[in-house]
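Scroll down for the structure; my scribbles are underneath it.
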Amino acid sequence: MLEKTYEPGAVEDRIAKAWVEADAFKAGAGAKPGAEPFTIVIPPPNVTGSLHIGHALNNTIQDILVRYNRMLGKDVLWQPGTDHAGIATQMIVERQLMERQLPSRREMGREKFLERVWEWKAESGGTIINQLKRLGASADWSRERFTMDEGLSDAVRKVFIELWKKGLIYRAKRLVNWHPVLETAISDLEVENIEVAGKMWHLSYPIENSTDNIVVATTRPETMLGDVAVAVHPDDPRYQALIGKYAVLPLIGRRIPIIADEYADPELGSGAVKITPAHDFNDFEVGQRHNLRPINVFTPSAHINASVPREYRGLDRFEARKKVLEDLEALGAVLWVEDKKIMVPHDEKTKQVVIEPFLTDQWFVNAEVLARPATEAVRAGRTKFVPQSWENTYFAWMENIKPWCISRQLWWGHQIPAWFGPRLSTDPEFGKLDAGPKIFVAETEAEAKKDAAAYYGRQVEVHTSGLGSTRFQKALADFEQIQRDRLNPTVWASRKAADPFAEMADSKVPLHRDEDVLDTWFSSALWPFSTLGWPANTPEVKRYYPTDVLVTGFDIIFFWVARMMMMGLEFMGKEPFHTVYVHALVRDEHGQKMSKTRGNVIDPLKLVDEYGADATRFTLAAMAAQGRDMRLAMSRVEGYRNFVTKLWNAARFLEMNGCVREASFDPHKLALPVNRWIVGATAKAVAEVAGKIEEYKFNEAANAAYDFVWGTYCDWYLELAKPVLTGDDAAEAAETRATAAFVLDQILKLLHPFMPFVTEELWGETGKTGPARENLLVLSAWPELAGLGDAGATAEMEWLIAAINGIRSVRTEMNVPAAAKIPLLIVGAGEETGIRVESQLQALMRLARLDKVDYGSDVPAGSAQIVLGEATFVLPLAGIIDIDAERVRLKREVAKEEVEMGKIEKKLANAQFVAKAPPEVIEEQRQRLADATTRRDKLLAALARLS
RNA sequence: GGGCGGUUAGCUCAGCGGUAGAGCAUCUCGUUUACACCGAGAGGGUCGGCGGUUCGAGACCGUCACCGCCCACCA
């Protein structure tokens, strides 16, 4: 017995367990023999994360695709897992240390700290996975992966090394976006430019040996400490005489050249621009063009460093700005200050920390080379974006792609498999400025040592990170010094004289592993194949790569999708998926992006608690229109919760009426029109829903299912079935019971991808009677109903529905009490109407609440009349209805028809229309005109009969 | 400064070349063999403005207005 109401809380847990026990989500579960694979990799949520509404949408869509394809009998793999999320995770654990007043990250050291992060991961890393399970996500949880798993780490190392060997990874001293609080490089994509009310200071720099000045402007005056030039446009007539001369940098006294560079825009400000290569991306390029050595004035925490006069050292960048301005003011070098809205780069996550361009040694991927095939794959249509408009975004970014800085100065992540050592004097780079250390990239330390030993021709000693990089730097410098000394016999002789061990000093080479880790997205980029076991040639790699669909939000097209495309093509030779479905962003009711800092987050788990996972999922699916963000309204969730209840009650109705499935049931052999009609309508709904899912139009699929179940099956079929079930024809009743049960089965399948819990529960409950179920619903086959449908039965039922609607409408308008049963007189009925009335008499009487139906030719005075085909349905309501009201009603109906007729007549009178419109459209219009005219005439006749 | 998207019923949103839709809200009715998380009925829109294409335009094109997002180095 079904409970009176559906209680999602209790049921969902039980159903979830049943699925797990049946291994229903395992790769290949329910697959037909010889089935083709269908693969989706989950966008791995941050291991630190908890489920937000975007995850809920993202995973609901994936689950709909996965469950649907599983029911089609494909060999389905939904590969789940989590991402180690370098920065976010490290920050969480660091915050935890602080809160518990434990030693800080640096105090405890790298090894201890990482142990702690792993502990934390073991404790809380499963949170989001459990939350996904609560949503009903049917991923193969037995295959859960983590981006820092051993296997995935192998893949990362392998890819790094291969790209290094191909020259697609390199190390360079470049300006990067630097996070001065975290003290690491961050991605361009993690920087958000925020407009703030700022100021622009116009500064005057004196010209050397002259009384002249040159005026420059800046929004960041503290950077002037690192100025190395002033640039003017080569054609700017105002400055021709100054090009090649020197300005004297105030406060510092440095002579800086006045250079000609087209970067300077004569239209802007004074036309002269200060050049600070270490602290501005444009200036860096100018500096390179003119061979200017950048002067970095910041420490990693954006305090002033030792390269400037003592009084500024140690100041925070904003304090330094103040002091620099004060001092410049004192010199009279500040000409004027302008209020200005300026774009300031902020850390995207907190939007608090101002990001600095900072000169550091970093690792880069030559993204330009990798982007070419990745762009081509989309151009050629081998990978398609849905909606397609996102392809433009993808192209725009890919075609302007910049080197990808992949190193991060963090501890939590994949440590870069590179070891640094000194250069030998025989090395062509030896002694060159900025040559950097000798780099050994290798799988393991042992291999790095082997390579190093080969290079140096002697043993090497690996300095562990515990040694600290300062000591290593010294060892490195000492080694190189000896190298240098050896090159000069005189120097070497005196050195040997001073130091008896000099000869031995470089017998051991100091080698040190790079302490940096890789950008989290580096490992995410490999996700579609690393999760399948690559670089090992596993059966899964062969079977499930390339995957089918990637379901994601647009915010990570650059971060992730583009990079998976690059890595997939480079290492697997095939694009990682044929379709990228880009879903909407879920916004709050005001259209704002949901975020913790805004405090406008709708917690999907609360929705699940309150309304059930099915209602939550269905809402998200129903609102997932392509190409548009969704604003989530609670009323929608409630409405779809009601839909779940409606389905539940329909099943209860069947149960109460003994509507049990029959093994021998054949939907092709039904006697009653109502049953023939509903199986046809079911087939149509199934085809519609399937088609919409395959087009990724989840909202239309959900709505089609909803309309069919509520609007057709519940509102009409079950109501029409009632008189048959209680009627005295046992055969008809039996057929109807079996049909009702059969259609419910199809409905459960149809809705299962959207509402897995309640449908599985009902599948189980309805399976307790009738033929035994072979499988859980999750593993059952998608309905095969092609070919069902009966035009005659459909026409008859549509006629019946129109008749009932017509009578109901009149009853309400004429204020006939709902409880009152009234007679119906049919006038002018032809043969077809007669047959239909006979066939549907019971249904008509019950649903229209009639007490008898007669045929006649006269219309009694004071009757309400409804035109239906060739017949007029007369409700003799003398004394009950208000004649004037009925006259008004009929006139309104006449007017409606005449408006319609007018429109069509105008169209048909238009020679252009008749000449150019397709014949079927013209025919349709003619038919509509004829119909409207008939209805109008009958209504006029009815009106005439009234008086 | 570029690019993208939006503007349709009171609210949240579908529809994107041939009869304006849904959910919620509103109004009326409701002794009915499931369901009041329900049933029946009703009201409510010149589809942002203007121009154009077309036999025909919420729908296609142009333009304007407002809203939102993404990208971008104005010192």
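If you read the first sequence in my numbering, its first letter stands for residue 621, the second for the next number, and so on. By construction, the Cβ of each residue, glycine as well, lies at the ideal position given by its N, Cα and C atoms. Keep in mind it's a predicted model, so treat the numbers as computed, not measured.
Residue from the options whose Cα sits closest to the Cα of residue i
i: phenylalanine 1362; options: Ala1564, Ala1271, Pro854, Gln682; result: Ala1271
i: proline 628; options: Trp1032, Ala1401, Ala1235, His675; result: Ala1235
i: tryptophan 761; options: Val1161, Asp1098, Ile662; result: Ile662
i: glutamate 739; options: Trp1154, Val667, Leu809, Leu677; result: Val667
i: leucine 1252; options: Ala1204, Val796, Gln1029, Phe1174; result: Ala1204
i: histidine 1083; options: Ala1073, Tyr1076, Leu1096; result: Leu1096
i: serine 830; options: Leu862, Gln1246, His853, Asn1012; result: Leu862
i: aspartate 808; options: Leu1444, Trp798, Arg937; result: Trp798
i: tyrosine 1075; options: Ser1045, Gln1101, Gln982, Leu1267; result: Ser1045
i: glycine 745; options: Arg730, Thr767, Met728, Glu731; result: Thr767
i: glutamate 1282; options: Trp1024, Glu1355, Thr1265, Ser1255; result: Glu1355
i: proline 1480; options: Glu1404, Ala1068, Leu1563, Gln1547; result: Leu1563
i: glutamine 860; options: Tyr825, Asp881, Glu1544, Asp847; result: Asp881
i: alanine 1066; options: Trp1039, Glu1049, Phe1050; result: Trp1039
Local Cβ density within 10 Å of residue i, reported as buried at 16 or more and exposed below that
i: glutamate 1381; result: buried
i: proline 700; result: buried
i: tryptophan 1336; result: buried
i: alanine 851; result: buried
i: glutamine 972; result: exposed
i: asparagine 911; result: exposed
i: aspartate 1557; result: exposed
i: tryptophan 983; result: buried
i: alanine 1016; result: exposed
i: valine 1294; result: buried
i: isoleucine 1455; result: exposed
i: threonine 1167; result: buried
i: glutamate 1540; result: exposed
i: phenylalanine 938; result: exposed
i: valine 816; result: exposed
i: valine 1080; result: buried
i: valine 848; result: buried
Alpha carbon of residue i to alpha carbon of residue j, nearest angstrom
i: leucine 990; j: threonine 843; result: 35 Å
i: proline 870; j: glycine 891; result: 19 Å
i: glutamate 1513; j: isoleucine 1503; result: 15 Å
i: proline 1287; j: alanine 1552; result: 37 Å
i: lysine 1536; j: asparagine 1530; result: 10 Å
i: proline 920; j: serine 1144; result: 27 Å
i: glutamate 1339; j: alanine 1463; result: 8 Å
i: tryptophan 1154; j: glycine 1259; result: 46 Å
i: glycine 756; j: arginine 726; result: 42 Å
i: alanine 837; j: valine 893; result: 7 Å
i: isoleucine 1177; j: arginine 1469; result: 59 Å
i: proline 1057; j: histidine 1132; result: 10 Å
i: isoleucine 660; j: isoleucine 878; result: 58 Å
i: glycine 1041; j: threonine 896; result: 31 Å
i: valine 974; j: alanine 676; result: 32 Å
i: methionine 1185; j: glutamate 887; result: 42 Å
i: methionine 621; j: glycine 1232; result: 21 Å
i: lysine 1511; j: glutamate 1518; result: 10 Å
i: glycine 669; j: threonine 747; result: 8 Å
i: phenylalanine 1060; j: leucine 772; result: 22 Å
i: arginine 858; j: phenylalanine 1197; result: 58 Å
According to DSSP, residues forming a beta bridge with residue i
i: glycine 1476; result: Val1447
i: lysine 894; result: Val850
i: alanine 805; result: Trp798
i: glycine 1041; result: Lys1058
i: valine 661; result: Gln699
i: aspartate 959; result: Lys819
i: cysteine 1279; result: BP columns for cysteine 1279 are empty, so no partner.
i: glutamine 982; result: Ala792
i: isoleucine 1494; result: First, the residue type needs correcting, since residue 1494 is valine and not isoleucine in the sequence shown. Answer is Leu1445, Gln1485.
What ranges does the alpha helix (DSSP H) occupy inside the region 1254-1312, keeping only unbroken runs of at least 4 residues that lie completely in it?
1254-1276
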